[in-house]
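Structure record follows, encoded as structure tokens.
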Amino acid sequence: MSFPTFPQELVDQVIDHLWDEPEQLKACTLTSHSFTHSSQLHLFENVYLDTMVIDGISLGSGQLERPSPTRFLELLVESPHIIPFVKTLQLGFHSTVDPALPAILKSLTHVQSFSLEGPLDDNEAGDFGFRAWEDLSEPLKEALAHFMSVSPLKELSLDTAVNLPTSLFRLIPQLSSLSLTEAFFEADDIYNDDFPPPSTPIPLKNLNVDAALHCDLVGFLEPMTDAKSALDLTRLESLSVTVDIQDLDMLETLQQLLDANQHSLESFCFNPDHLGGVLSLSNLHSLHTLALDFAHCVSTIHDPIPWVLQVLSTTNASSSTLTTLHFHTVLQDLHGQTDISPPWGDLDNLIAEDRRFRNLSKCTFTVDGPFDEEEINGLLRQQMAILMPKAAAKGLIA
């Protein structure tokens, strides 16, 4: 008895709809030979390794689970055809003590996004994994350098990483996006004859820095200005920063970074951990999207709107490039607000009538809280229409 066959293109499209269903994808690999390739493309696209998982392997694009590096290396040896399928690699900090990790890093040559996580604190780290660069074995350091230099890495994420040599970045000439969380750096030179640095700094396009607790933003940026700078941070298109702006050195450093990107920066997300000093946006001539997230400030100040007014008042008055404003807060900031009164009236007047916002097409609000997201967004739009009637009349509240 013969079974009907379907064009491979149709099979591939069906499999593509299961990209975030790892269990279904695994079943598909056993269904038919024509299903296997497309299913494995999604199953192994994103890999999260962590030695805390020691009983088998489980992978999936939509639900990244944590296989043991030892088990994953066995899989690579058994099925080397999956090596080019791995596009995203995330390393949990426990994985850095696994003896299989150097071999894995030297095998993977098609990874475009790489993430390295450290422990939350020294107690969690203990004797079980990555805390600082000097904690890594020499074979692992060599493997990381090799991996970064041969992989087409475009995105790099470093979480709770200490004493990283800034020269690592120059091993990644295709790097365009960098995310840093609680990261610290040293201006160490790790180059050798096998891994020479590129002749020019790498022009970074997207930078995300979470420095709310202990991120050495100043230490990261300072080495970038010397003659051996690893990254060119003067052509950023997107910048997202979480900082304590009561730290004047950090505030000054961030202001210098903004001014250095006055002609390239198109999107800026600012998430202050406290409300203190105000950054000036007056030199940003290409800024299209501005997101202000003051949810972290609820414990230090009840009403963030005066601070928001100060920030918006510094936007460039001549270029008027802003098209999108986004505000993120917590629900209690809006609780009980039903009348048109300062400072909401002032914000409404500024957005609806000031010429620097004449090209604005959308103003959105989101909130944190234990509620149904779809329901609260509808209520939030209604609330904003009451608090900001002029902006609502112009169709800006979205």
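First residue of the sequence shown? That's 76 in this note's numbering, and the numbers climb one at a time after it.
Even glycine gets a Cβ: it sits at the ideal position worked out from N, Cα and C.
Inter-residue Cα distance where the pair is Val284 and Ala175: Looking at the backbone, the Cα of Val284 and that of Ala175 are separated by about 31 Å.
query: Tell me which same chain residues have a C-beta within less than 7 Å of the C-beta of Ser361, skipping the five on either side of it?
result: Contacts found: His338, Ser339, Leu340, Glu341, Thr396.
query: So what does DSSP say about Thr80, is it helix, strand or coil?
result: It is coil, neither helix nor strand.
task: Give me whichever residues DSSP pairs with Pro174 in a beta bridge.
output: For Pro174, which the question treats as bridged, DSSP gives no partner whatsoever.
message: According to DSSP, is Asn283 part of a helix, a strand, or is it coil?
response: If DSSP states are grouped into helix, strand and coil, Asn283 belongs with the strands.
- prompt: DSSP puts Asp307 in a beta bridge; with which residues?
  reply: Its beta-bridge partners are Pro278.
message: Could you tell me the alpha carbon to alpha carbon distance between Phe110 and Leu191, rounded to whole angstroms?
response: Computed Cα separation, rounded: 32 Å.
query: So, are the CB atoms of Ala236 and Ala220 less than 7 Å apart?
result: Between Ala236 and Ala220, the gap from beta carbon to beta carbon reaches 7 Å or more.
- prompt: What number of angstroms, rounded off, separates the C-alpha of Thr145 from the C-alpha of Ile451?
  reply: Straight-line Cα distance between these residues: approximately 46 Å.
task: Kindly give me the distance between the Cβ atoms of Leu400 and Cys438, rounded to whole angstroms, as I take these residues to be in contact under 8 Å.
output: The C-beta separation of Leu400 from Cys438 comes to about 5 Å, placing the pair in contact by the 8 Å criterion.
message: Looking only at its chain, what residues have a beta carbon closer than 8 Å to the beta carbon of Val186, apart from the 5 residues adjacent to it on each side?
response: Val161, Lys162, Thr163, Leu164, Phe222, Ser226, Pro227, Leu228, listed in sequence order.
query: Who does Ala366 pair with in a DSSP beta bridge?
result: Beta-bridge pairing links Ala366 to Cys344, His401.
- request: List the endpoints of the continuous alpha helix (DSSP H) containing Thr396.
  value: For Thr396, no alpha helix (DSSP H) segment is defined, and its DSSP state is neither H nor E.
- request: Specify the secondary structure class of Asp234 as computed by DSSP and reduced to three states.
  value: It is a strand residue.
message: Please report the straight-line C-alpha distance between Pro278 and Val386, rounded to a whole angstrom.
response: The straight-line gap separating the alpha-carbon atoms of Pro278 and Val386 is approximately 28 Å.
message: Considering Cα atoms alone, identify which of Leu425, Val442, Ile380 is closest to Thr404.
response: Taking only the C-alpha atoms, the option nearest Thr404 is Val442.
message: Tell me the rounded alpha-carbon separation between Gln457 and Ser315.
response: Take the alpha-carbon of Gln457 and the one of Ser315: they are about 28 Å apart.
task: Using three-state DSSP, classify Asn336 as helix, strand or coil.
output: Coil, per DSSP.
message: Once DSSP output is grouped into helix, strand and coil, what is the label at Thr241?
response: In this structure, Thr241 counts as helix in the three-state DSSP scheme.
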